[in-house]
Amino acid sequence: MGLQNRNVSQPAYTETRNRGNGVSTFLSGVAVLLSTLALGCSGYVAYEVFTLRETLNATNTVVSSSIPTQVPSPTATTSPQATASPSPASATISAISPGQFVQPAFGKKAEVELLSAKRIKDPETGNRDVVNLQMRIRRLATDGVVGSDIISVASTTARNPDTSVTYKGVALNRSTGSVSLFQVRPQASADAYIWLRVPDGINNLDIFVPDTAAFKNVPISF
């Protein structure tokens, strides 16, 4: 009777042991699965950290290259200074245009062209009461010119067109002197000048060159 009981309980113990082995196998599988997931997650996190670090390094490189290595020193700025407006007497007048003032001399033997009439400062007094008048004398005639055909540039005078006051040369050594047409070849020319004593504030003059037609209302440049 006792032997029969022992044989009957044997299958129950075997069934319990097999059930325990199945649970252990399931838990082991779960553990392996969790380990695999953890490894995969750790790899993904490591990849994201590496990507973020490379992005930060690239950003720092771009920022570093865009910043100048040497900051320019600040330059001192000065406030603009007020400039005095020129008075009407010292306002700039347009210069003489080429061919604007041309007059015949000695009939049709020659012609005189005014090149410029510019107000300058007297080097001795410092006053701006001198007009430097420059002219070009051109011989036109091929014959009929004699030795007495001389233009005395030093005798040139000017006149105020408003008041008719006459102005003369500063000095003989402040002019070319005289130009002889006889010594100038046909179609050739000779330049000459004279300093005229003209008070400051006069902007136009009538010019009278000896043996030459008058020049009217000649502007004075500055």
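First residue of the sequence shown: 957, per my numbering; consecutive thereafter. All C-beta atoms, glycine included, are put in the ideal place defined by N, C-alpha and C. Note that the structure is predicted; figures quoted are calculated from it, not measured.
Roughly how many angstroms lie between the CA atoms of residue i and residue j, to the nearest whole one?
i	j	result
P1060	N1083	34 Å
V1183	E1069	Because the chain spans 957 through 1178 in this model, residue 1183 falls outside it and cannot be assessed.
P1030	A1146	Below a pLDDT of 50, predicted positions are generally treated as unreliable, and P1030, at 45, falls in that range; the measurement from the model is reported next regardless. Each residue's Cα considered, the two are about 58 Å apart.
G1103	V1135	11 Å
A1170	N1159	17 Å
V1086	G1125	9 Å
R1153	I1176	13 Å
G1133	I1106	10 Å
Q1056	E1080	32 Å
So what does residue i bridge to, in DSSP terms?
i	result
K1074	N1088 and S1177
L1161	V1174
T1113	F1164
Should residue i be labelled buried (16 or more other beta-carbon atoms within 10 Å of its own) or exposed?
i	result
L1128	exposed
F1138	exposed
K1064	exposed
V1121	exposed
R1095	buried
S1053	exposed
T1112	buried
T905	A query on residue 905 cannot be resolved here, the shown segment of the chain reaching from 957 to 1178 and no further.
D1118	exposed
A1047	Unreliable positioning characterises A1047 in this predicted model, as indicated by a pLDDT of 42, which lies under 50. A coordinate reading is not provided.
D1099	exposed
Flag residue i as yes if its beta-carbon sits less than 8 Å from any beta-carbon of chain B, otherwise no.
i	result
A1148	Of the protein chains in the structure, only one exists, and it is not chain B.
Excluding the 5 residues flanking residue i on each side, which residues of the same chain have their C-beta closer than 7 Å to its C-beta?
i	result
N1088	K1074, I1076, Y1149 and W1151
Could you give the C-beta distance for residue i and residue j, rounded to a whole number, given that I count them as a contact under 8 Å?
i	j	result
L1161	A1114	4 Å
I1093	A1051	Contact flag wrong, Cβ pair sits at about 20 Å.
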